[in-house]
Amino acid sequence: MFPDSPSQTPTRIDASVPARAGAGLKAEHIAEILETSADIGFFEVHAENYMGDGGMPHRQLEAIREKYPLSLHGVGLSIGGEGPLDRDHLQRLAVLNKRYEPGLFSEHLAWSSHETTYLNDLLPVPYDQETLDRVCDHIDEVQESVGRRMLLENPSTYVAFAQSTMSELDFLKEITRRTGCGLLLDVNNVHVSCTNHERLALDYLDAFPIGAVGEIHLGGHAPDQDDAGRSLLIDAHDREVDQAVWALYEHLIASTGAIPTLIEWDNDVPAWPVLMSEAQAADRILADNSRPSIRRVG
1 MFPDSPSQTP
11 TRIDASVPAR
21 AGAGLKAEHI
31 AEILETSADI
41 GFFEVHAENY
51 MGDGGMPHRQ
61 LEAIREKYPL
71 SLHGVGLSIG
81 GEGPLDRDHL
91 QRLAVLNKRY
101 EPGLFSEHLA
111 WSSHETTYLN
121 DLLPVPYDQE
131 TLDRVCDHID
141 EVQESVGRRM
151 LLENPSTYVA
161 FAQSTMSELD
171 FLKEITRRTG
181 CGLLLDVNNV
191 HVSCTNHERL
201 ALDYLDAFPI
211 GAVGEIHLGG
221 HAPDQDDAGR
231 SLLIDAHDRE
241 VDQAVWALYE
251 HLIASTGAIP
261 TLIEWDNDVP
271 AWPVLMSEAQ
281 AADRILADNS
291 RPSIRRVG
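Residue 253 in our numbering sits at position 253 of the sequence shown, and the numbers go up by one each step.
This is the structure in structure tokens:
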């Protein structure tokens with residue numbers, strides 16, 4: 001079923017990601033996806049899961065890449081970190097981009113490392129001039145090293161920094177202006193953050209620099225409460241997309257037209273038909289608003 005090495009891989013389909021729904025690729029689903037020739041727009045993988053040289057993960061991913069476009073999503077680069085970027089990590093990202101020719105490549109506006117310690121979390125950054133300069137420098141370095149445009153994902157946040165001197169939207173807009181990078185708009189993150197900070201998610205979406213968006217994420221969140229008993233949402237990626245997030249997504253797509261949209265489900269992963277049904281729900285919304293057909297952001 002799987003080629004033994006990249007050199008034995010047949011010609012791949014076009015790398016461009018269509019303005020359809022995709023899903024996060026999970027190893028337990030791959031055999032069923034290939035056997036059924038699943039009708040889905042694209043698959044997205046976490047870059048860090050494929051930074052080894054070979055083995056079954058790469059054989060499986062090559063088999064998927066023969067039939068579907070890919071989106072490569074990094075979670076460990078620590079774009080917002082105070083220290084320099086890891087040059088070895090950057091080199092591995094460049095190798096992966098060259099090897100699989102993904103239609104889209106993205107990372108998080110977050111930090112996850114300190115010196116030689118790597119944290120299993122994506123932590124927020126303050127929105128001030130010092131952080132802006134650092135993030136822009138890091139994005140410039142990534143895009144130069146990888147040789148392509150990167151998408152930057154808006155974060156889910158639970159606290160606000162007193163030292164912030166600008167809004168998240170102004171921060172993102174200035175990053176795109178200075179670096180030329182694109183944006184990955186995570187609608188679930190918008191709902192989570194706006195609920196946690198008692199802001200209006202529709203206002204945030206309506207002011208978002210949508211012209212820079214190359215991909216959308218949808219995922220599930222877990223309800224909780226803070227110490228004062230106020231509603232708190234956790235970006236858990238462990239369940240179906242919430243109805244409030246679907247409503248925001250429909251509002252967004254009605255005004256923008258179709259944009260490649262990923263269903264994220266990373267924890268308590270369900271059977272493939274359940275994940276596929278979430279993607280089909282997004283596809284129906286996209287089909288009703290299908291003005292653009294392809295987003296070429298790479």
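Glycine included, C-beta positions come from ideal geometry on N, C-alpha and C.
The structure displayed is predicted, hence computed values, not measured ones.
Exercise. Between which two residues does the alpha helix (DSSP H) containing Gln60 stretch?
Worked result: Within the sequence shown, the letter at position 60 stands for residue 60. Looking at the DSSP string, the run of the alpha helix (DSSP H) that includes Gln60 is Met56 to Lys67.
For this session: Buried or exposed for Gln60, please, with buried defined as at least 16 other CB atoms from any protein chain shown within 10 angstroms of its CB.
Result: For this step, residue 60 is matched to residue 60 along the sequence shown. It counts as buried.
Exercise. Under a Cβ-count criterion, where at least 16 other Cβ atoms within 10 Å of its own Cβ denotes burial, should Met56 be classed as buried or exposed?
Worked result: Residue numbering aside, residue 56 sits at position 56 when the sequence shown is read from its first letter. By the 10 Å Cβ count, Met56 comes out exposed.
Problem set entry | Candidates Ala162, Gly214, Glu35 and Val190: closest to His73 by CA position | Taking the sequence shown and counting its residues from 1, the one referred to as residue 73 is at position 73. Selected option, being the one with the closest Cα: Gly214.
Exercise. In terms of alpha-carbon separation, which member of Ala279, Asn189 and Ser290 lies closest to Leu25?
Worked result: Reading the sequence shown from its first residue, position 25 is the one you call residue 25. Leu25 has its Cα closest to that of Ala279, out of Ala279, Asn189 and Ser290.
For this session: Since I believe Ala236 is in contact with Ala222 (beta carbons under 8 Å), could you give me their beta-carbon distance rounded to a whole number of angstroms?
Result: For the purposes of this step, residue 222 is identified with residue 222 of the sequence shown, where counting begins at 1. For the purposes of this step, residue 236 is identified with residue 236 of the sequence shown, where counting begins at 1. Confirmed, Cβ separation roughly 4 Å.
For this session: Spell out a yes or no on whether the region 232 to 248 and the region 180 to 188 are touching, meaning 3 or more CB-CB pairs, one atom from each, closer than 8 Å.
Result: yes
For this session: Measure the C-alpha to C-alpha separation of Gly337 and Val142 and round it to an integer number of angstroms.
Result: Residue 337 cannot be examined here, being either before or after the span of the chain that is shown, 1 to 298.
Exercise. Can you give, in chain order, each stretch of the alpha helix (DSSP H) that sits fully within the region 106 to 172 and has at least 4 residues?
Worked result: 129 to 146, all fully within the region 106 to 172.
Exercise. Would the beta-carbon of Gly103 fall within 8 Å of that of Arg149?
Worked result: Mapped onto the sequence shown, residue 103 falls at position 103. Mapped onto the sequence shown, residue 149 falls at position 149. No, Cβ-Cβ distance for Gly103 and Arg149 is not below 8 Å.
For this session: Please classify Pro273: does DSSP put it in a helix, a strand, or coil?
Result: Residue numbering aside, residue 273 sits at position 273 when the sequence shown is read from its first letter. It is helical.
Problem set entry | In DSSP terms, what Leu232 is bridged to | In the sequence shown, the residue the question calls residue 232 occupies position 232. Per DSSP, Asp224.
For this session: Go to Ile263, then tell me how far its alpha helix (DSSP H) extends in each direction, as first and last residue.
Result: For the purposes of this step, residue 263 is taken as residue 263 along the sequence shown, with counting starting at 1. No alpha helix (DSSP H) holds Ile263; the beta strand (DSSP E) holding it covers Thr261 to Glu264.
Exercise. Distance, Cα to Cα, Ala38 vs Asp242?
Worked result: Taking the first residue of the sequence shown as position 1, residue 38 is located at position 38. Taking the first residue of the sequence shown as position 1, residue 242 is located at position 242. Each residue's Cα considered, the two are about 24 Å apart.
Exercise. Which value, in whole angstroms, describes the spacing of the CA atoms of Tyr68 and Glu28?
Worked result: Reading the sequence shown from its first residue, position 68 is the one you call residue 68. Reading the sequence shown from its first residue, position 28 is the one you call residue 28. Taking the straight line from one Cα to the other gives about 17 Å.
Exercise. Opposite Asp186 in the DSSP bridges: which residues?
Worked result: To locate residue 186, count along the sequence shown from 1; it is residue 186. According to DSSP, Asp186 bridges with His217.
Exercise. What's the gap between the Cα of Gly83 and the Cα of Val125?
Worked result: Here residue 83 corresponds to residue number 83 of the sequence shown, with the count starting at 1. Here residue 125 corresponds to residue number 125 of the sequence shown, with the count starting at 1. Cα to Cα, the separation comes out at about 13 Å.
For this session: Kindly indicate the opening and closing residues of the beta strand (DSSP E) around His46.
Result: Mapped onto the sequence shown, residue 46 falls at position 46. Its beta strand (DSSP E) spans residues Phe42 to His46.
For this session: Name the residue from Ala212, Phe161, Val95 and Asp128 whose alpha carbon lies nearest to the alpha carbon of Val54.
Result: Here residue 54 refers to the residue found at position 54 when the sequence shown is read from its first residue. The amino acid at residue 54 is misidentified as Val; the sequence shows Gly. Comparing Cα-Cα distances from Gly54 to each of Ala212, Phe161, Val95 and Asp128, the minimum goes to Val95.
Exercise. Does the beta-carbon of Arg284 have 16 or more other beta-carbons within 10 angstroms, so that it is buried, or is it exposed?
Worked result: Taking the first residue of the sequence shown as 1, we reach residue 284 at position 284. Exposed, by the Cβ-count rule.
Exercise. If you drop the 5 nearest sequence neighbours on each side, which residues of the same chain put their C-beta closer than 6 Å to that of Arg12?
Worked result: Mapped onto the sequence shown, residue 12 falls at position 12. So the list reads Arg65 and Glu66, once near-sequence residues are dropped.
Exercise. Under the three-state reduction of DSSP, which class applies to Gly76: helix, strand or coil?
Worked result: Start at 1 with the first residue of the sequence shown, and residue 76 comes out as number 76. In the structure shown, Gly76 sits in coil (DSSP, three-state: anything other than H, G, I, E or B).
For this session: Out of Val269, Ser277, Gln129 and Asp288, state which residue places its alpha-carbon closest to the alpha-carbon of Ser167.
Result: Along the sequence shown, read from residue 1 onward, the residue named residue 167 stands at position 167. The shortest C-alpha separation from Ser167 is found at Gln129.
For this session: Check each candidate in Gln225, Leu286, Trp272 and Asp14 and name the one with the smallest Cα separation from Ala23.
Result: The sequence position of residue 23 within the sequence shown is 23, counting from 1. Measuring from the Cα of Ala23, the nearest candidate turns out to be Trp272.
Exercise. So, is Thr117 buried or exposed, given that buried needs 16 or more other C-beta atoms within 10 angstroms?
Worked result: The residue you call residue 117 lines up with position 117 of the sequence shown. With a pLDDT of only 46 at Thr117, under 50, the local geometry of the prediction cannot be trusted, and no value is derived from it.
For this session: Would you check if the distance between the CB atom of Ala21 and the CB atom of Ile234 is smaller than 8 Å?
Result: On the sequence shown, residue 21 is found 21 positions in, with the first residue counted as 1. On the sequence shown, residue 234 is found 234 positions in, with the first residue counted as 1. Result no, Cβ atoms of Ala21 and Ile234 do not sit closer than 8 Å.
Exercise. DSSP three-state call for Ala279: helix, strand or coil?
Worked result: Taking the sequence shown and counting its residues from 1, the one referred to as residue 279 is at position 279. Under the three-state reduction of DSSP output, Ala279 falls in the helix class.
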